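Trainee: Residue numbers (the numbering used here), protein chains in the order written: chain A, 1 to 298; chain B, 299 to 617; chain C, 618 to 1298. Note that beta-carbon positions come from the ideal geometry of N, C-alpha and C, so glycine has one too. Everything numeric in this text was worked out from a predicted model, so none of it was measured. The following block contains the structure, expressed as structure tokens.
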Amino acid sequence: MTSSMAPGNAQTSTWMLRLGQTLRAMASRPSGAIGLAIVLIHLLIALSSPWLVPFDYKAISSLLILSPPDAVHWWGTDHLGRDVFTRTLLGGREAILVTLIATPLAVAWGGFVGIYMGLVGGKLDDVLMRLVDAFLALPWILKMLLMIATFGTGLGVLIPTLAFFYGIPVIRIARAAAHNVVARDFVLAARARGHGRLSTIGRELLPNVLDALLVEGAMRWSWMLLAFSSLSFLGFGVSPPTPDWGLMVADSRTFLAIAPWSGLYPIAALSSLIIGINLTADALAKTLGVDRAQKAPI
Amino acid sequence: MLRMILRRLLLGAVTVGLVSLIIFTAVEVLPGDACTALLKQDAQGQRLTNCRQELGLERSATLRYFDWASSALTGDLGFSAHSTKRISELVADRLKNSLLLGIMALAVGLPLAFLAGILAALQRDKWLDLVLSGLAIGAMTIPEFVSATMLILVFSGWLGWLPGIVLTPPSAPLHEFFPAIVLPVAALAMVMTAHILRTVRSSMIEVLDSDYVRMATLKGVPYRTMVWRHVLPNALLPAINVVALTVAWLLGGVVVIEMVFNYPGLGRLMISAISDRDLALVQAIALIVAAVYVLVNLLADLLTLVANPRLRTAARRLS
Amino acid sequence: MDKHTVLSFRDLSIGFVSRAGQLLPVLRNIDLQIQRGETVGLVGESGSGKSTLALAAMGYLKAGLQVTGGSVHFGTHDMFGLSRSALEFVRGGKVALVPQNAGQSLTPTLRVGSQILEAVALHSDLPPVEYERRVMALLRQVRMPDPQAMASRYPHELSGGQQQRVAIAMALAGEPDVLLLDEPTTGLDVTTQAHILALLRDINRETQTAMVYVSHDLGAIARVCDRVVVLYAGEMVLAGSARQVLLSPAHPYARGLLNSIPRLSQSSLPEALPGRQPLPGDVGDGCSFVERCALAQPSCRSGRPALQFLPDGAVTRCLFHDRSGEMALTRPARTTALRVGAGATDALSLNQVAISYAQATVMQQLLGRRPDVPHTVADITFSVGAGQTMGLVGESGSGKSSILKALAGLNPPIAGRMSMGADQSLAPHVDQRPPDHLRRVQLIFQNPDDSLNPRHTVAQILAQPLRLYFGLTGEALYQRSIQLLERVRMGAHYLDRLPSQMSGGEKQRVAIARAFAAEPDIVLCDEVTSALDVSVQAAVLDLLNDLKRDKGTTYLFVSHDLAVVRVLADSVAVLYQGRLCEIGPAAEVYAAPFHPYTEVLLGAVLEPVPDKSPILLAEDIVELAPPAEGCAFQRRCPKKVAAICETTAPPWQLSASGHGICCHIARDQLIPATRDAGQHD
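This is the structure in structure tokens:
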């Protein structure tokens, strides 16, 4: 044993070891295996679909309006004659892109503030929690729409907006998780040794709070997808003709009884992804031993 | 005890005040103001200045805030720029409709959720639990607009039992909303029930695994008595908070449902207010929603205070 | 079957299926008969299966456990074959449990009176009108003061001792034939514990209820039990009368266990038992104790020894039991630390230190005033010589941990001065101290599960102080870490272990290594052995003593266990409600004359010697805060003289050797009239 056992190396190798162990443990559970599989499939499709799709998503055809699934259009066409299969495969790209960027941002900023508050406590903590409560008092949709009304609907607006708003409940959760850890002696021991606040957060708190944050992050992703597609449904998200599942469902509403395929396929796609993420989060929580509080989305 | 209640009330009022401040500031930040919204294309030059003077938009923000806040307290929420009607009239009808929807959803969903959650916990990991938990997870993860759409498809499109769209005018008396209201209530209740079911279930399981329930079993307490006396009171206490949180969520979820079903409630009004840049209306609705949320939380807090022996005795000692 | 037998374990074996699919035993072939009216102690350390055995007597198994052989009978009923209604009849009625942690075993939403009433309603033959009266009678039987008021309280409003009494009352409601007690006094103060044990003894005498007392504490067992059964790795290794097992044990494990317990009567280090108890499934073919046994022979490994029935009535599983006499029960006096001469410089001194946890209300904060309540800790003045060990003893609320935390800079005192060495002042808060001061004062915590970060490997844990104070990195860091581990008798292969992969004793040794990594002058030990198994405690004490002798470190050793303090300490300070009662060289504090509280504490210590009852002297009431005026001990003192104890703070009476007693009563009158044989120096 040479200095490969020296502390610095031990740290990175244990981290990677844990990652591998966690993934394997998750995959060994039925819920984890299914969930991971679904999520991976969706991600692969989202990445590769522009090269896979048979038709142009914008191609309108007045002849083929609302035609049922057949050999050419596998999943039929919508009210403008566009191929549903193409649009469904492409429909997740915006949503996944936006939410995959916004979620880590939300967890990062909410997590940091929450942990810091959990460690510091005191007046600042009280005031901040009041603000957080007051903020959460407003229905999420109102807050979203206000931001959109102000700044428009481009990706540049949606990503920071979602990251900001969805980081706020993370503050609460991170703070609660930090509270559980802060009271324990090893944090006191670190302070007694003379470690500063920031280094205590990074070294002592974070590794222990990380599990809860990871599970929360997975759940946040699913709530964000939900919000994003709801916004699109209401007409405040992605603008046509960009394919998006929420938008597709909204468009198909009037014709649903006569042409269910135009709505059912995007519904299936969106639902399957969200269920997949939830199953993964559940398996992650069970593997890591995190107790999940059942909270409503903001 | 009284002191704790008063403190909670005070805190609630402060929260509502804070919220009103946030709303006001948010709307201030938006480009344009009530006059640009009112006058639309004509919003320029002298007409704009006159309008602003008339509506008092020249005064400082702080003054305007206090003016707005004080009139809000008396129930006067100003005028809607879009329809030039008194906001309080507009809102009153819509509020009643949304409340109808929400209260019915609660009336249907809450008992169902509690019953199902308790049963699922008592039959943990057996088939009943798996089915109920599975349904709950399904309902929770699917967006409301999806489940609402599916409900319309099945019950209105294919089976034709219920109307898929609400055509009743906003000011109609409540009983005219039936049977159109059935599907919206179902859609709303679905998600709410799922959340509460899961929470009740996990709270029950935690209590069932506790030391004191084990002690009761080892004391020879019969199963049914144990569940009623020892398990339920302890398990349902934490559920109160979640119910409050869910009600808060309802205020957001109701918007989507109202849009899907074309229901003439507060949520749909809000969407159109935002689309129309009717800022005064937006402010008013946001304030009402926030006030309802705070009120519900306050009730939940007080209920917990009364029901939880630990808090009750602490209060006694303090006062 | 003998009609006097109430409970009978017949070749009972219990196990569970591991994740790998193996059947691992928790209990093996337990054969035990409990007679009417007798008290039997089940002794074992954690992992010996004793709690499982007690619960099995009620036909209850924790999730995952199953009966793999044998049975348990109450009378003629097989407890694991009863119907649900029959079980509900027996449990709480004929066989009742007094649980380990009463506070958590009482339903929080029900008043205690109604919980006892529930037991009465279920299991007594009384008509409903008599229930209330019976509840009051039960509360009086367990010596609960003011039964009317107590019955209407909720569990969280009672103290630990009161909760335990309620649990006992609840168990007695059905006039059971057998009481099962699962570590009922764990977590209670020494003085409270003494009261509860005396109560149990009395109940047994009055009602002839048989008792099965499960505990790791041999002193408590000696107090209550006629017969003792020793469990090791899930099997019975020794059984006999209390005298036989505790005074002349015929099994090397029992001997080793008794040897490793510090005793008041001996100031030398106890002999540690090496190794640790095997986990389920780790026992080889031979005797379960063979790995740790000083008498081990090759034949001990060839097959599991059967129980041998000795002529004096004892039962043992050791093939060489007659040789266990070779393991001396009394140990040779071992010198502890080098004693530094009286003129040495003080390593640590405190002057009039006061700490307060009182919170100012908003009004008081606005006016800049402090709350007008007595300080939690006050008037602490003492000093410790370099290389010496001072023991701080006291029960809960004594302030001993607060003083340690204040010295560590985690809990700034509101008054007084702390200083190190040649008058170097210690800043009140960690953030204000220079790195050198931070290094020289190190703190070791009670619970090793809590004091090590569960996500850090041992290497990372040791690296922190080495990097912080000495800037070591890379190879130098690695070598030094290995040195530290060797110093605490652990191999280098522990470096990449996580805390979850180590035992309690190993974790505590890592915590000690971490403290010594800083090469401190002063080590503050906060109940460092209290959370460990008995046989492991001795090893840790030995290690601490070793390190002290090596480095000349000064220790401030806090404990509630007077016998443990006696082993390590050169000087002792006794605290009550945050005030010093008695202070001085250890030998003098442990001998007459005593401060009344010291006498109470010493009298309440439980030695594992039967027939020696503790002397109960203090009032069994709960103190919430120190009194505003007068002596801190006034409300409970059995020797309280007059009103002066309530009005004036008592003076310090110092002897030439530095032994001080803070009391109004004169020194020569503080010598107790009767002296027990065991309590000499």
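Relative to the C-alpha of Gly1004 of chain C, which candidate in C:Ser688, C:Lys1168 and C:Leu881 has its C-alpha closest?
Mentor: The shortest C-alpha separation from Gly1004 of chain C is found at C:Lys1168.
Trainee: Name the chain B residues that come within less than 7 Å of Ser722 of chain C, Cβ to Cβ?
Mentor: Per Cβ cutoff of 7 Å: Asp509, Tyr510 and Met513.
Trainee: Could you name the residues of chain B that Ile275 of chain A contacts, counting a contact when the two beta carbons are closer than 7 Å?
Mentor: Going along chain B in sequence order, the residues near Ile275 of chain A (Cβ under 7 Å) are Thr439.
Trainee: For the alpha helix (DSSP H) containing Trp547 of chain B, list its first residue and its last residue.
Mentor: Leu530 to Phe559 is the extent of the alpha helix (DSSP H) around Trp547 of chain B.
Trainee: Pop quiz: Val553 of chain B and Pro139 of chain A are said to be a contact at Cβ under 8 Å. What is the actual Cβ separation, rounded to whole angstroms?
Mentor: That belief holds up - the Cβ atoms of Val553 of chain B and Pro139 of chain A are roughly 7 Å apart, short of 8 Å.
Trainee: Where does Leu1241 of chain C land, buried or exposed, given buried means 16+ other C-beta within 10 angstroms?
Mentor: Counting Cβ neighbours within 10 Å, Leu1241 of chain C comes out exposed, since fewer than 16 surround it.
Trainee: Should Ile1261 of chain C go down as buried or exposed, given a rule of 16 or more other Cβ atoms within 10 Å for buried?
Mentor: Exposed, since its Cβ has fewer than 16 Cβ neighbours within 10 Å.
Trainee: Using CA coordinates, which residue listed in C:Phe926, C:Ser832, C:Gly851 and C:Trp1269 is at the minimum distance from Cys842 of chain C?
Mentor: Selected option, being the one with the closest Cα: C:Ser832.
Trainee: Please report whether the beta-carbon of Pro461 of chain B lies at a distance below 9 Å from any beta-carbon of chain C.
Mentor: No, Pro461 of chain B lies away from the interface with chain C (no Cβ there is under 9 Å from its Cβ).
Trainee: Give, in chain order, every residue of the region 260-274 of chain A whose Cβ lies closer than 7 Å to some Cβ of chain B.
Mentor: Cβ contacts with chain B come from Pro260, Gly263, Ile267, Leu270, Ser271 and Ile274.
Trainee: DSSP three-state label for Asp648 of chain C, please.
Mentor: Strand.
Trainee: Under a CB-based cut-off of 9 Å, is Asp599 of chain B close to chain A?
Mentor: No, Asp599 of chain B does not count as interfacial toward chain A.
Trainee: Is there at least one Cβ from chain B nearer than 9 Å to Gln1037 of chain C's Cβ?
Mentor: Per the sequence shown, residue 1037 of chain C should be read as Met rather than Gln. No - not a single Cβ of chain B is within 9 Å of the one on Met1037 of chain C.
Trainee: Using DSSP's beta-bridge definition, name the partner residues of Gly445 of chain B.
Mentor: In the sequence as displayed, the identity of residue 445 of chain B is Ser instead of Gly. According to DSSP, Ser445 of chain B bridges with nothing at all.
Trainee: Out of C:Gly720, C:Leu1009 and C:Leu641, state which residue places its alpha-carbon closest to the alpha-carbon of Ser1176 of chain C.
Mentor: Measuring from the Cα of Ser1176 of chain C, the nearest candidate turns out to be C:Leu1009.
Trainee: Got a sec? Which residues, its chain only, sit under 8 Å from Val310 of chain A by beta carbon, not counting five neighbours each side?
Mentor: The shown model of chain A, from 1 to 298, leaves out residue 310 of chain A, and the question about it has no answer.
Trainee: Starting from the C-beta of Gly1033 of chain C, find all residues in its chain whose C-beta is less than 6 Å away, skip the five residues before and the five after it, and write them out in chain order.
Mentor: Same-chain partners within the cutoff: Asn968, Gln969, Val970 and Ala971.
Trainee: For a contact meaning CB atoms closer than 7 Å, what does Asp185 of chain A contact in chain C?
Mentor: What Asp185 of chain A touches in chain C: Phe1062, Asn1064, Asp1067 and Ser1068.
Trainee: Near Asp806 of chain C, which residues of its chain fall below 8 Å by C-beta distance, leaving aside the five closest residues on each side in sequence?
Mentor: Excluding sequence neighbours, Asp806 of chain C sits near Gly777, Gly778, Glu1012, Ser1013 and His1177.
Trainee: Assuming Ala971 of chain C is part of the beta strand (DSSP E), what are its boundary residues?
Mentor: Its beta strand (DSSP E) spans residues Asp963 to Ile972.
Trainee: When the Cα of Leu516 of chain B is compared with those of C:Ser1019, C:Leu1164 and C:Gly709, which residue comes out closest?
Mentor: Taking only the C-alpha atoms, the option nearest Leu516 of chain B is C:Gly709.
Trainee: In the DSSP assignment, what are the bridge partners of Arg708 of chain C?
Mentor: In DSSP, Arg708 of chain C forms a bridge with C:Val712.
Trainee: Report back the beta-carbon spacing between Ala434 of chain B and Ala492 of chain B to the nearest angstrom; my notes put them in contact at under 8 Å.
Mentor: Contact flag correct, Cβ pair sits at about 4 Å.
Trainee: Confirm, please, whether the CB-CB distance from Ile1139 of chain C to Ala964 of chain C is below 9 Å.
Mentor: For Ala964 of chain C and Ile1139 of chain C, yes; Cβs fall inside 9 Å.
Trainee: Using a Cβ-Cβ cutoff of less than 6 Å, which residues in the same chain neighbour Val854 of chain C once the five nearest sequence positions on both sides are dropped?
Mentor: The residues are Val847, His868, Tyr870 and Arg934.
Trainee: Cβ of His740 of chain C less than 9 Å from any chain B Cβ?
Mentor: At least one chain B Cβ lies under 9 Å of His740 of chain C.
Trainee: With Gly658 of chain C as the anchor, note down where its beta strand (DSSP E) starts and where it stops.
Mentor: Per DSSP, Gly658 of chain C belongs to the beta strand (DSSP E) from Thr656 to Val660.
Trainee: Can you find the residues in the same chain that come closer than 7 Å, C-beta to C-beta, to Arg1284 of chain C, ignoring five residues on each side of it along the sequence?
Mentor: The answer, listed in chain order, is Pro1210, Gln1270 and Ile1278.
Trainee: Name the chain A residues that come within less than 8 Å of Leu316 of chain B, Cβ to Cβ?
Mentor: Ordered by position in chain A, the residues that pass the 8 Å Cβ test against Leu316 of chain B are Arg130, Leu131 and Ala134.
Trainee: Is the region 750-766 of chain C close to the region 678-691 of chain C, with three or more CB pairs under 8 Å?
Mentor: Touching, no.
Trainee: If you count every other CB in all the chains shown that lies within 10 Å of the CB of Gln825 of chain C, and 16 or more means buried, which is it?
Mentor: Gln825 of chain C is exposed by the Cβ-count criterion.
Trainee: Nearest chain C C-beta to His195 of chain A closer than 9 Å, yes or no?
Mentor: His195 of chain A counts as touching chain C.
Trainee: Since Ile173 of chain A meets chain B, which of its residues come closer than 7 Å, beta carbon to beta carbon?
Mentor: Result: empty, since nearest Cβ-Cβ is about 13 Å, beyond 7 Å.
Trainee: Is the distance from the Cβ of Gly518 of chain B to the Cβ of Glu705 of chain C below 9 Å?
Mentor: A contact, by the Cβ cut-off of 9 Å.
Trainee: Would you kindly check if the distance between the Cβ of Gly692 of chain C and the Cβ of Val623 of chain C is under 9 Å?
Mentor: Yes, Cβ-Cβ distance for Val623 of chain C and Gly692 of chain C is below 9 Å.
Trainee: Counting along the chain, where does the beta strand (DSSP E) carrying Ile41 of chain A start and finish?
Mentor: Careful: Ile41 of chain A lies outside any beta strand (DSSP E), inside the alpha helix (DSSP H) at Pro30 to Leu52.
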